[in-house]
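Novice: Before we start, here is the structure in question, set down as structure tokens.
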Amino acid sequence: MALTALPDSRTEPDGSAVIRVLSYNIRSMRDDEDALARVIHACAPDVVLVQEAPRFFRWRKHAARLAVKSGLLVLGGGAPASGPLLLCSLRVTVERTRDILLPLTPGLHRRGFATAVVRVAGARFGVLSCHLSLRADERYAQAGMLLDELAALDAPHAIAGGDINERPDGRSFRRLAAELQDCRAVRPWGGEHTHPPGDPHQRIDAVFATPGVEVLGCGVPAGLPGVHDADLRAATDHLPVLAALRVPAAT
Numbered sequence: 006m007a008l009t010a011l012p013d014s015r016t017e018p019d020g021s022a023v024i025r026v027l028s029y030n031i032r033s034m035r036d037d038e039d040a041l042a043r044v045i046h047a048c049a050p051d052v053v054l055v056q057e058a059p060r061f062f063r064w065r066k067h068a069a070r071l072a073v074k075s076g077l078l079v080l081g082g083g084a085p086a087s088g089p090l091l092l093c094s095l096r097v098t099v100e101r102t103r104d105i106l107l108p109l110t111p112g113l114h115r116r117g118f119a120t121a122v123v124r125v126a127g128a129r130f131g132v133l134s135c136h137l138s139l140r141a142d143e144r145y146a147q148a149g150m151l152l153d154e155l156a157a158l159d160a161p162h163a164i165a166g167g168d169i170n171e172r173p174d175g176r177s178f179r180r181l182a183a184e185l186q187d188c189r190a191v192r193p194w195g196g197e198h199t200h201p202p203g204d205p206h207q208r209i210d211a212v213f214a215t216p217g218v219e220v221l222g223c224g225v226p227a228g229l230p231g232v233h234d235a236d237l238r239a240a241t242d243h244l245p246v247l248a249a250l251r252v253p254a255a256t
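The following block contains the structure:
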């Protein structure tokens with residue numbers, strides 16, 4: 006069944022911008038790359054917050070190829086952020102980017118954030134892609150670092166998304182939702198659970214926004230025209246989260 010309409014990207018008369026933000030764990034593009042690109046393209050995002058982008062041999066080439074197949078551009082991140090990657094449409098004007106490596110816990114995977122400050126029409130906002138730790142104590146500390154980095158972007162509004170590795174009732178997820186809008190909880194749209202694609206039963210991926218951003222809808226785009234179940238299952242080991250947001254014009 007087709008989903009109810011999610012607002013398309015547009016510029017409002019007051020200079021505010023309606024944008025589409027997609028968060029997606031792509032498992033280093035080890036699965037069906039064409040299916041992955043078809044899903045991203047069908048969602049028509051302005052910004053894509055990627056997790057588990059290729060980080061090693063020829064990682065830039067892989068990221069560029071995915072961007073071209075999806076009709077997007079590489080904005081930042083990748084190996085310098087230890088996996089998080091940012092893609093964007095031509096609608097986005099980039100002000101600055103910054104890749105951040107988080108403290109390394111011996112024996113665990115290095116984590117990082119891919120961040121940027123961008124403009125769309127009259128709106129100016131920060132974006133951050135994250136993939137938090139599998140270990141609870143480290144994950145909680147990283148959630149705090151995420152909030153600190155959003156504040157350090159020094160933008161009037163901000164959007165963060167990624168693989169939280171925790172359900173909404175978890176301590177780290179709740180730490181983020183206490184200061185940011187959990188977009189799915191604010192305005193549910195589409196599907197809820199993001200993992201695993203063949204039998205989704207838990208929501209561990211999310212898009213968050215600072216309080217001044219208006220959430221128009223957020224969820225898994227299964228059933229969206231052009232997004233096919235076979236592609237969602239073949240693309241990677243997570244389902245994507247798509248949000249439509251209205252970002253006020255900068256003053």
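Position 223, counted from 1, in the sequence shown is what this note's numbering calls 228; the numbers after and before it change by one each time, with no gaps.
Think of the CB as a built atom: it goes at the ideal place given N, C-alpha and C, for glycine as much as any other residue.
#1: Please list the terminal residues of the continuous beta strand (DSSP E) segment that includes L90.
#2: From the DSSP output, read off the bridge partner residues of A141.
#3: Can you tell me which of A10, L11 and A22 puts its alpha carbon nearest to the alpha carbon of R251?
#4: Who are R251's beta bridge partners in DSSP?
#5: Around the C-beta of A10, are 16 or more other C-beta atoms found within 10 angstroms, so that it is buried, or is it exposed?
#6: For A55 and E197, I'd like the C-alpha separation in whole angstroms.
#7: Hey, how far is the Cα of T110 from the Cα of P230?
#8: Tell me the residue span of the alpha helix (DSSP H) that contains F178.
#9: Would you kindly work out how many angstroms separate the C-alpha atoms of R176 and R144, rounded to a whole number?
#10: Is the CB-CB distance between H200 and L244 below 9 angstroms?
#11: Nearest to V44 by alpha carbon, out of L247, T215, C223 and A126?
#12: Taking the beta carbon of R15 as the centre, do at least 16 other beta carbons fall within 10 Å, making it buried, or is it exposed?
#13: For S33, name the three-state secondary structure that DSSP assigns.
#14: Can we say the segment 117–124 touches the segment 201–219, given the rule of at least three CB pairs closer than 8 angstroms?
#15: Where does V246 fall in DSSP's three states?
#16: Excluding sequence positions up to five away, which residues of its chain have a Cβ less than 6 angstroms from the Cβ of P85?
#17: Count the other C-beta atoms from every protein chain shown that fall within 10 angstroms of the C-beta of G166, then say buried if there are 16 or more, exposed otherwise.
#18: Using a 10 Å radius around the Cβ and a threshold of 16 neighbouring Cβ atoms, would you call A235 buried or exposed?
#19: Going by alpha carbons, who is nearest to L78 out of E100, L92 and L151?
#20: Could you tell me the boundaries of the alpha helix (DSSP H) in which S75 lies?
#21: Where DSSP assigns a beta bridge to Q56, which residues make up the other side?
#22: Is H136 helix, strand or coil when you go by DSSP?
#23: For Q147, count the other beta carbons within 10 Å of its own beta carbon; 16 or more makes it buried, fewer makes it exposed. Which is it?
#24: Give the DSSP-derived three-state secondary structure of M6 in the structure shown.
Specialist: Reading off the structure:
#1: L90 to C93
#2: Answer is none; A141 lacks a bridge partner.
#3: A22
#4: V23 and E219
#5: By the neighbour-count definition (other C-beta atoms within 10 Å, threshold 16), A10 is an exposed residue.
#6: For clarity, residue 55 is Val in the given sequence; the question names Ala instead. Straight-line Cα distance between these residues: approximately 19 angstroms.
#7: 43 angstroms
#8: From DSSP, the alpha helix (DSSP H) with F178 extends over R176 to E184.
#9: 9 angstroms
#10: yes
#11: L247
#12: exposed
#13: helix
#14: no
#15: strand
#16: D104
#17: Its Cβ being crowded by 16 or more others within 10 Å, G166 is buried.
#18: Classification of A235: exposed, given that the 10 Å Cβ count is below 16.
#19: L92
#20: W64 to S75
#21: N30
#22: strand
#23: Buried.
#24: Caution applies to M6, whose pLDDT of 42 falls short of 50 and renders its modelled position unreliable; the value that the coordinates give is listed next. Coil, per DSSP.
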